[in-house]
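Worksheet: one structure, shown below.
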Amino acid sequence: FVSLQVLLLACAEDLECVPGFQQKVFYIEKPFEFIEDQLVLNLKFDDCKGNNKLNFEVSNPDFTVELDGNLVALKNVSEVGKALFVHARSEHAEDMAEIFILEANEKHGALKEILKLESSLGIPRQKRAILATPILIPENQRPPFPRLVGKVIRSEGTEGVKFRLSGKGVDQDPKGIFRINEMNGDVSVTRTLDREAIADYELEVEVVDMNGKTVDGPERLVISVIDQNDNRPMFKEGPYIGHVMEGSATGTTVMRMAAFDADDASTDNALLRYNILRQTPTKPSPNMFYIDPEKGDIVTVVSPTLLDRETMESPKYELVIEAKDMGGMDVGLTGTATATILIDDKNDHAPEFTRKEFQATVKEGVTGVIVNLTVGDRDDPATGAWRAVYSIINGNPGQSFEIHTNPQTNEGMLSVVKPLDYEISAFHTLLIKVENEDPLIPDIAYGPSSTATVQITVEDVNEGPVFHPNPMAVTKQENIPVGSVVLTVNATDPDTLQHQTIRYSVYKDPAGWLEINPTNGTVGTTAVLDRESPFVHNNVYTALFLAIDSGNPPATGTGTLHITLEDVNDNVPSLYPTLAKVCDDAKDLRVVVLGASDKDLHPNTDPFKFELSKQSGPEKLWRINRLNNTHAQVILLQNLKKANYNIPISVTDSGKPPLTNTTELRLQVCTCKKSKMDCSASDALHISLTLILLSLLSLFCKSF
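Under mature numbering (1 follows the signal peptide of the UniProt record, and there is no 0), the letters of the sequence shown match residues -17 to -1, 1 to 687, in that order.
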């Protein structure tokens, strides 16, 4: 084997005794097998005070170190991992040695790594003033403290100088963990260390004179915390739930379990092995699954026929998984977790009707569910392998039936969606098929039990008469004479086998205009039809009639009649507004714009003709100008005195014959001052009196 010994010999001379292993790191080539009682290598430990009560501990219990330092195997061993750790403790010192076990192809690379230690670990290959070899300290050491863990040596002696230590763990947080004897270079630890908190401390040591001036250094001093197995494996990613399809092949991977160990991953302290402690339930086999001890993969180990969800006690298995460090050795720490494995259903069972034939009875004219068809399916009710899909494959040419699945019970709800007619068919036979939402697996098919027959009996009921057509429509002029025939309604009885008679009556006649002959259905008028009535909407008057058969009990049918009323010119036009006001000193003598409206329809309305009644007197006081088909404007020809005037205006529509309406426009002439209008007419004469006086004056003048 290759070791650091060749490198340390060069500096061994002129150095004082350093407590601990004289060589701390070893590299050996892995043999095919370590033979019982055969020497592996020799370890040199010296506490510089006689090695009283010296004791060795090996990380692998298959090895031991004898009192002379010989490392031997206690039995034939083929697998030991990548490293061994030997802890030595005497009355005055303790130390740790590492033995790395290399494959043949790793040996050359290991030698290169050893030669690099001069720069990485501070191991000198030539004589230096300060020798600060790396210090290894096991974590979790017990008191008393401080505890001597190493020594820094100055080759030129320590007279007149002293050592100084600095860095994280000394004068930097966390402070005070390490200290050095200023006079002899002894390095001590003051408390228990935790490798999982800090694994390495990089310090600096220097030699200073009594005034604090640096004489030698600084040199790097590396203190490494040696891992102890003080952390249990932990499962952090739960809950752990895996799924495997029923009937899966032996060796199917279900899931992976992965635990975490906070110890040093390069040591057996974090080398995990997995094991199944318990399986629940234990049927049909107590060993349904296997876990790869190194990877943590859980796989099936039973035949596909045993992995049958429908024959299992439960489709859910719970495995208690143990993770153990130290490569699974008895001394390893353990952690556990529960893996839940669900056996997923596949559609390996076709649904089957519980009966080959179902019966149903329904009254004619009725819709809704008439029968529930029941099926059985051994697959998982929570999946599409169980949920049923029904279809009618024969006997439904008129699409009178539909079938849907009840999501809670999986039953087929057969419904009538178009009313059945007893007189057409009193019996119906349907052929129903049931399938699953999910397709069946290739080696399973739907059989005869996946179809069923439904026999449906239709019961006769007394149906009401039916109007033909319905609704009925007719067009009539408004104002036709009372007693005029509107139309004759026609209703027939669907119950052709019962030979019933039909009588008619008025059901709804909002304006009270109509009557019906109860025997032959002739509808006539009892009042004048008025298109302008509030009971008429969009020129249409609507009435309802009943047809009643002679059944026991009698059945009734309702018919709707729409009468479209044609307009005649039976409404005179009206004028608006009928009041206007004007100031007696107004400059704008356009008094008012008048509009006309007519309840009739075109052409019995506009254009309207506007005219003033004949004016008497020596001169005309106003005139009217037509603005458009529906409006005209009244204009004063001169200012008038304050008074109230009535102006007769006639409006004529365009109907044939035309209708005329004369309306008096009341004109108030008011006094206007400071934007206020005073229309009180207590001292004013009415226009009719004025006209009389003017007429008398005119006659008087003519007599002369």
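Don't be surprised by glycine CBs; every beta carbon is placed ideally from N, CA and C.
Cβ separation of residue i and residue j, assumed to be a contact under 8 Å, to the nearest whole Å
i: Ser596; j: Ser557; result: At roughly 17 Å, the Cβ-Cβ gap does not stay under 8 Å, so Ser596 and Ser557 are not in contact.
i: Tyr223; j: Thr321; result: 7 Å
i: Arg239; j: Lys299; result: Rounded, the Cβ-Cβ distance is 19 Å, inconsistent with contact.
i: Arg203; j: Glu185; result: 6 Å
i: Asn27; j: Gly52; result: Per the sequence shown, residue 27 should be read as Lys rather than Asn. That pair is a contact at about 6 Å.
i: Thr357; j: Thr337; result: 5 Å
i: Asn167; j: Thr141; result: 7 Å
Residue i (DSSP reduced to helix, strand or coil)
i: Thr283; result: strand
i: Pro431; result: helix
i: Pro2; result: coil
i: Leu148; result: strand
i: Asp251; result: helix
i: Gly351; result: strand
i: Glu179; result: coil
i: Met240; result: coil
i: Arg294; result: Just to set this straight, residue 294 is Thr in the shown sequence, not Arg. Reduced to three states, the DSSP call for Thr294 is helix.
i: Gly359; result: strand
i: Met309; result: helix
i: Met228; result: strand
i: Met271; result: coil
i: residue 688; result: The displayed coordinates of the chain run from -17 to 687. Any statement about residue 688 would go beyond what the structure contains.
i: Asp29; result: strand
i: Asn627; result: strand
i: Leu497; result: strand
i: Ile424; result: coil
Span separating the alpha-carbon of residue i from that of residue j
i: Leu470; j: Glu594; result: 45 Å
i: Gln342; j: Val441; result: 11 Å
i: Glu498; j: Thr412; result: 48 Å
i: Thr588; j: Gly381; result: 55 Å
i: Pro536; j: Thr525; result: 29 Å
i: Asn389; j: Val303; result: 40 Å
i: Asn445; j: Gly534; result: 7 Å
i: Lys659; j: Gln651; result: 14 Å
i: Thr484; j: Ala530; result: 10 Å
i: Thr539; j: Ile415; result: 37 Å
i: Asn194; j: Lys145; result: 10 Å
i: Thr643; j: Thr547; result: 27 Å
i: Trp605; j: Lys656; result: 24 Å
i: Asp476; j: Phe450; result: 9 Å
i: Glu305; j: Asp421; result: 38 Å
i: Gly234; j: Pro269; result: 16 Å
i: Ala435; j: His387; result: 15 Å
i: Asn35; j: Arg72; result: 9 Å
i: Met217; j: Gly3; result: 35 Å
i: Val23; j: Ser297; result: 55 Å
i: Phe83; j: Asn252; result: 15 Å
i: Ala80; j: Lys7; result: 4 Å
i: Asn503; j: Thr509; result: 17 Å
8 Å Cβ cutoff met for residue i and residue j
i: Pro117; j: His70; result: no
i: Gly143; j: Asp192; result: yes
i: Phe384; j: Val399; result: yes
i: Val523; j: Glu461; result: no
i: Val468; j: Tyr487; result: no
i: Val48; j: Leu57; result: no
i: Leu331; j: Thr366; result: What sits at residue 331 in the sequence shown is Asp, not Leu. In this structure, Thr366 does not lie closer than 8 Å to Asp331 by Cβ.
i: Asn212; j: Met309; result: yes
i: Val63; j: Phe9; result: no
i: residue 691; j: Cys653; result: No information on residue 691 is available, as it lies outside the stretch -17 to 687 that the chain covers here.
i: Phe518; j: Leu544; result: no
i: Ala76; j: Asp30; result: yes
i: Arg178; j: Val208; result: yes
i: Ile113; j: Val132; result: no
i: Val506; j: Val465; result: no
i: Pro287; j: Ser249; result: no
i: Val205; j: Asp169; result: no
Residue i, buried or exposed, once every other Cβ within 10 Å from all chains shown has been counted against 16
i: Leu260; result: exposed
i: Leu492; result: In the sequence under discussion, the amino acid at residue 492 is Asp, which differs from the Leu named in the question. So Asp492 ends up on the buried side.
i: Gln21; result: exposed
i: Ser42; result: buried
i: Pro127; result: exposed
i: Tyr405; result: buried
i: Thr294; result: exposed
i: Ile618; result: exposed
Heavy atom of the ligand FAD within 7 Å of residue i beta-carbon
i: Cys653; result: The ligand FAD is not among the ligands present in this structure, which contains no ligands whatsoever.
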